[in-house]
Amino acid sequence: KAGVTQTPRYLIKTRGQQVTLSCSPISGHRSVSWYQQTPGQGLQFLFEYFSETQRNKGNFPGRFSGRQFSNSRSEMNVSTLELGDSALYLCASSLVSGYEQYFGPGTRLTVT
Amino acid sequence: AQTVTQSQPEMSVQEAETVTLSCTYDTSESDYYLFWYKQPPSRQMILVIRQEAYKQQNATENRFSVNFQKAAKSFSLKISDSQLGDAAMYFCAYRSSSDQTGANNLFFGTGTRLTVIP
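From first to last, the protein sequence lines stand for chains C and F.
Note that the numbering used here has the first sequence beginning at 1, numbered continuously upward.
Note that the numbering used here has the second sequence beginning at 1001, numbered continuously upward.
Laid out in structure tokens, this is it:
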């Protein structure tokens, strides 16, 4: 089976812009979680989607949003980018919510 | 909220030797899962091993094993016969076993960077 894929792998944006990141889970997996990784804050949970519904959300401002499609693919959107949003964004999929999570290679976002 | 602590920012080991990475956690729950993930320079997070809190037996996956001490809330990872490919950041993670909404995300420690010396 193909693993979790994330696109794009690298992205450079300007402060104030918005960005959309995409995640395709492992075939058959219905749960997708997103994490932000920064040197200062480490790995922090953003949100989880299961069957097109947000099940869980971390402590991030409303500028961070996401959605999941009927084929389980997920997107996350960050509006009004700030310098502090520069990070590696990791997507993880699991068979159903609560099962083991398998991670994608991440999207490296740089905000200038 | 659950917290996970990795007190060793960096560790090194000679190739073919054994190394132990430490992890402690804080929780009021009695049932949960613990994981070790490996993140090599490619940044891909790879699941190394998992442990269910209700199981007394320590998990083992080939050269990787854990020492799970539930009362002490300790979950260390032992890597035997270390190989150059083991060099990476290692993250300890906690997840609740509750099926309630809001319980399925992973809480990560700050990581331990492991260097393998040839």
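For each residue, glycine too, the CB sits at the ideal point set by N, CA and C.
Pull the bridge partners of Cys23/C from the DSSP assignment, please. Gln6/C and Ser74/C
How far does the beta strand (DSSP E) with Tyr99/C in it extend, from its first residue to its last? Unbroken run through Tyr99/C: none, as it is neither H nor E.
Taking only the alpha-carbon atoms, compute the straight-line gap between Gln17/C and Gly62/C and give it to the nearest angstrom. 15 Å
Have a look at Tyr1025/F and Asn1062/F and give me their C-alpha separation to the nearest angstrom. 25 Å
Validate contact between the region 52-69 of chain C and the region 1004-1012 of chain F using beta carbons, cut 8 Å, 3 pairs: no
Since Ser33/C meets chain F, which of its residues come closer than 8 Å, beta carbon to beta carbon? Asn1104, Asn1105 and Leu1106
Beta-carbon within less than 7 Å of Gln78/C's beta-carbon, same chain only, minus the 5 sequence neighbours each way: which residues are those? It is Val, not Gln, that sits at residue 78/C in the sequence shown. Excluding positions up to five away in sequence, the list reads Gln18, Val19, Arg63, Phe64 and Asp85.
Does Pro105/C have its Cβ less than 7 Å from a Cβ in chain F? yes
Following the continuous beta strand (DSSP E) through Tyr1054/F, name the residue where it begins and the one where it ends. Per DSSP, Tyr1054/F belongs to no beta strand (DSSP E) and is neither H nor E.
Taking 7 Å as the CB-CB cut-off, is Thr1110/F touching chain C? yes
Could you check how far apart the C-beta atoms of His29/C and Ser93/C are, in whole angstroms? I think they sit under 8 Å. 4 Å
Just to confirm my understanding: we take Tyr10/C, look at its own chain, exclude 5 residues before and 5 after, and list those with CB closer than 6 Å. What are they? Arg108
Run down chain C in chain order and give the residues with a C-beta less than 9 Å from the C-beta of Ser1030/F. The premise fails here: Ser1030/F is roughly 17 Å from chain C at the closest Cβ pair, so nothing lies under 9 Å.
Taking 7 Å as the CB-CB cut-off, is Leu43/C touching chain F? yes
Rounded to whole angstroms, what is the Cα-Cα separation between Gln6/C and Ser1080/F? 33 Å
Relative to chain C, which residues along the region 1045-1061 of chain F have a C-beta separation below 7 Å, given in chain order? Met1045, Leu1047 and Arg1050
Going along chain B, which residues have a C-beta under 7 Å from Glu48/C? Among the chains of the structure shown, chain B does not appear; the protein chains present are C and F.
Are the beta-carbon atoms of Cys1023/F and Gly1085/F separated by less than 7 Å? no
Using DSSP with H/G/I as helix, E/B as strand and the rest coil, what is Asp1031/F? coil
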